[in-house]
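Those protein sequence lines, which keep their order, are chains A and B.
Following numbering that gives the first Met the number 0, the numbering of the first sequence begins with 0 at its first residue and continues without gaps.
Following numbering that gives the first Met the number 0, the numbering of the second sequence begins with 0 at its first residue and continues without gaps.
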Amino acid sequence: MSTTAGALTLPEEVHPTQREWRVFVRRLGRRRTALFGVVVVAIVLLTALGASWVAPFDPIEQDIGERLKPPGWRDEGGRTHLLGTDHLGRDILARIVHGARPALLVGAAAVAISGVLGMMAGLLAGYFGGRVDDVLMRLADIQLAFPFILLAIAVIGVLGPSLTTIICVIGVSSWVVYARIVRGAALSLREREFVQAAQALGGGDGRILVRHILPNVLTPWLVVATLDMARVIVIESALSFLGLGVQPPAPTWGGMLADGRVYISTAWWLATFPGLAILVTVLGINLFGDGLRDTLDPRLKV
Amino acid sequence: MSIFLTRRLLQSLVVLLGVSFVVFFILFLTGDPALVLLPPEASAEDIRQFRERMGFNDPFLVQYGRFLAGALQGNFGDSIRHGEPAFHLVVERMPATFQLSGAALLIALCLAIPAGIVSAVRRNSVLDYFSTVVALLGQSMPTFWLGIMLILLFSVQLQWLPSSGRGDLRHLVLPAITLGLFTTARITRLTRSGMLEVLSQDYIRTARAKGVNDPPVVWKHALKNAAIPIVTIVGIELGTLLGGSVITETIFAWPGVGRLSVQAIYNRDYPVVQAAVFLLATTFVLVNLFVDVLYTYLDPRIRLR
Numbered sequence: 000m001s002t003t004a005g006a007l008t009l010p011e012e013v014h015p016t017q018r019e020w021r022v023f024v025r026r027l028g029r030r031r032t033a034l035f036g037v038v039v040v041a042i043v044l045l046t047a048l049g050a051s052w053v054a055p056f057d058p059i060e061q062d063i064g065e066r067l068k069p070p071g072w073r074d075e076g077g078r079t080h081l082l083g084t085d086h087l088g089r090d091i092l093a094r095i096v097h098g099a100r101p102a103l104l105v106g107a108a109a110v111a112i113s114g115v116l117g118m119m120a121g122l123l124a125g126y127f128g129g130r131v132d133d134v135l136m137r138l139a140d141i142q143l144a145f146p147f148i149l150l151a152i153a154v155i156g157v158l159g160p161s162l163t164t165i166i167c168v169i170g171v172s173s174w175v176v177y178a179r180i181v182r183g184a185a186l187s188l189r190e191r192e193f194v195q196a197a198q199a200l201g202g203g204d205g206r207i208l209v210r211h212i213l214p215n216v217l218t219p220w221l222v223v224a225t226l227d228m229a230r231v232i233v234i235e236s237a238l239s240f241l242g243l244g245v246q247p248p249a250p251t252w253g254g255m256l257a258d259g260r261v262y263i264s265t266a267w268w269l270a271t272f273p274g275l276a277i278l279v280t281v282l283g284i285n286l287f288g289d290g291l292r293d294t295l296d297p298r299l300k301v
Numbered sequence: 000m001s002i003f004l005t006r007r008l009l010q011s012l013v014v015l016l017g018v019s020f021v022v023f024f025i026l027f028l029t030g031d032p033a034l035v036l037l038p039p040e041a042s043a044e045d046i047r048q049f050r051e052r053m054g055f056n057d058p059f060l061v062q063y064g065r066f067l068a069g070a071l072q073g074n075f076g077d078s079i080r081h082g083e084p085a086f087h088l089v090v091e092r093m094p095a096t097f098q099l100s101g102a103a104l105l106i107a108l109c110l111a112i113p114a115g116i117v118s119a120v121r122r123n124s125v126l127d128y129f130s131t132v133v134a135l136l137g138q139s140m141p142t143f144w145l146g147i148m149l150i151l152l153f154s155v156q157l158q159w160l161p162s163s164g165r166g167d168l169r170h171l172v173l174p175a176i177t178l179g180l181f182t183t184a185r186i187t188r189l190t191r192s193g194m195l196e197v198l199s200q201d202y203i204r205t206a207r208a209k210g211v212n213d214p215p216v217v218w219k220h221a222l223k224n225a226a227i228p229i230v231t232i233v234g235i236e237l238g239t240l241l242g243g244s245v246i247t248e249t250i251f252a253w254p255g256v257g258r259l260s261v262q263a264i265y266n267r268d269y270p271v272v273q274a275a276v277f278l279l280a281t282t283f284v285l286v287n288l289f290v291d292v293l294y295t296y297l298d299p300r301i302r303l304r
């Protein structure tokens, strides 16, 4: 280390949280499966965001002369339908690319709604215990008693299918898994010294919940949110498959599967590729979520 | 012990009450049940008369009381489409759904538990790796896509198995596999992690240190303790299976409650929907009650609470 007049360099001060982040990212990066998951999710996300530029054709444009063409077919204009065309002559690849949008949108929005609802319920149940806990857990039991798809189609059947409806239905019904995990974490946290100290110092319950308990339950909550998003995407495609999701002609992966089912014996590509899209997306999210859980807290029973 | 049981029973009753309320409330989601039940072309006069007849002008709680009383007697009104009592239509189809769910669960248990045990005992081997990958894929796959692919392979290409309907064992194979895959994957992963956890416990090490041979160690000590979370999961998975049957029954045209419900929704036949949801939810609650009672026999510590 050389010193010139007045130019002594000190090692860079790294803020503790920045250091934690770096350790976390490095640990996550070491797991190849989680990395693979992140890459897949990133690709799907970018595709959804830039769908109009990535897609080679217009997803809604029909061309009856080109219907049910197999993958790799070149039309008269010289353009290739990489994954073939459907029963209305629409390019399958373009529809798959655009179909990523409702899937990810519903996934993120529904997880946000159920995550917030479940977080609030879990915090209240875990921190206050007693009556509040009993009532909330009873509500959870009632929610869980219903086979979800059946409840969803009943409600959507009454309200009418639309993007907002399925987001709300899925969001409102899925709060229990978040509530459970947050409740468990809050239960153990409220016995810790720093919480008891805050209480002794006269901190109000609300303040303690938000400033002390909530930041510490974020980790398990995040793992649950990631894995739940995978589940929500599958549910959205199931509802679209039944015709209760985003309505045609807007492309959805589930809707494409429903169309493809009719032509399964003559045009296998209609049903195969949208399903693969769902599989790959969900797999990526699951791998990422597993990696997240193993990195943050391997003891998590999620 | 009986205190625990009575408490559980009361809890189940509260849950069933809540279930009945939610089922009742579904019709009121848009505010006016008459608009939901009548066809769109109904005139204002028809709607008014319908409301009178069905008692929709009565206070909310009175209507709920009527619904609950009817539900307890198995009266959900008549199906709008078929004219028969909705309850009977649903009950007729329960055996088909139970057969499908039961077969799926059986397949899942027969495949998943051995796979999970082998994975845990021979950790990080090729077998472990293979079953982990398959389990992961199974949990990431939409079941209705799997069903369609299975139909493509076994019904269209190979022509070995029928693609729809209910008849002999051959009709049951594809739907049961489709329905059971997710559950198989889930139970495999849980068995594996449960066994791994138990196998690393001190009492296993003690048994091994005493010189006890491996298979008895595995089977006696480990499995009994790993059985508890598995039993719990089976109860929860039954709910998943009952729900999943909706999609699988639709794909394979299996004449069960799920398919009936979907058709009822398309036909706006809400009495049938209400009956179906109520009955399936009740089944789920009863099964979980049974599982909890079973739990107390497997884990005596529960009884002491």
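Ideal placement from N, C-alpha and C gives every residue a C-beta, glycine not left out.
Since this is a predicted model, take the numbers as computed values, not measurements.
* Should A197 of chain A and A124 of chain A be called a contact, given that it needs their Cβ atoms to be closer than 8 Å? -> no
request  = Answer with buried or exposed for I379 of chain A, where buried requires no fewer than 16 other C-beta atoms within 10 angstroms of its C-beta.
outcome  = Because chain A in this structure spans residues 0 to 301, residue 379 of chain A falls outside the shown range and cannot be described.
- Task: Over the uninterrupted alpha helix (DSSP H) stretch that includes I150 of chain B, give me the two end residues.
- Result: Premise fails: I150 of chain B is in no alpha helix (DSSP H) and is neither H nor E.
**OP:** Starting from the beta carbon of S264 of chain A, find every residue of chain B whose beta carbon is closer than 7 Å, and list them in chain order.
**Re:** V155
message = Taking 8 Å as the threshold (beta carbon to beta carbon), is P310 of chain B in contact with chain A?
response = This structure cannot speak to residue 310 of chain B, because chain B is shown only from 0 to 304.
Practice prompt. Give a single yes or no on whether L48 of chain A has its beta carbon closer than 7 Å to a heavy atom of the ligand GTP.
Written response: Of ligands this structure carries none, so the ligand GTP is not represented either.
Please classify N56 of chain B as buried or exposed, where buried requires at least 16 neighbouring CB atoms within 10 angstroms. exposed
> What residues in its chain sit with their C-beta under 7 Å from that of V13 of chain B, if we drop five residues either side in the sequence?
Replying inline: none
Tell me which residue opens and which closes the alpha helix (DSSP H) that I176 of chain B is part of. L168 to L198
- [ ] Check whether the region 246-260 of chain A touches the region 269-284 of chain A, taking contact to mean three or more Cβ pairs, one atom from each stretch, closer than 8 Å.
- [x] yes
Subject >> D258 of chain A classed as buried or exposed, judged by whether at least 16 other C-beta atoms fall within 10 angstroms >> reply: buried
| R73 of chain A bridges to which residues according to DSSP? | A:T79
For a test of the three-state rule: what should DSSP assign to D90 of chain A, helix, strand or coil? strand
Spell out the partners DSSP gives D77 of chain B in its beta bridges.
B:P84
- Query: Are the CB atoms of V157 of chain A and I116 of chain B nearer to each other than 8 Å?
  - Reply: no
**Prompt:** Which value, in whole angstroms, describes the spacing of the CA atoms of L99 of chain B and W220 of chain A?
**Reply:** 35 Å
> If you follow the alpha helix (DSSP H) that T294 of chain A is part of, which residue opens it and which one closes it?
Replying inline: W268 to L295
Answer with buried or exposed for F23 of chain B, where buried requires no fewer than 16 other C-beta atoms within 10 angstroms of its C-beta. buried
Give me the DSSP bridge partner(s) of T84 of chain A. A:D90
Simplified DSSP assignment, three categories, for S162 of chain B: coil
*asked:* List, in chain order, every chain B residue whose beta-carbon is nearer than 9 Å to that of F145 of chain A.
replied: V18, V21, V22, G238, G242, V276, L279, A280 and F283
Exercise. Of all Cβ atoms in chain A, is any one closer than 8 Å to the Cβ of W144 of chain B?
Worked result: yes
**Request:** Could you tell me which uninterrupted alpha helix (DSSP H) segments, each at least 4 residues in length, are contained entirely in the region 154-194 of chain A, listed from first to last along the chain?
**Result:** 162-172 and 174-188
Practice item. Please name the residue, chosen from A:E65, A:R89, A:A93 and A:V131, that lies closest to G303 of chain A on a Cα-to-Cα basis. Key: Nothing about residue 303 of chain A can be reported from this structure: the residues present for chain A run from 0 to 301 only.
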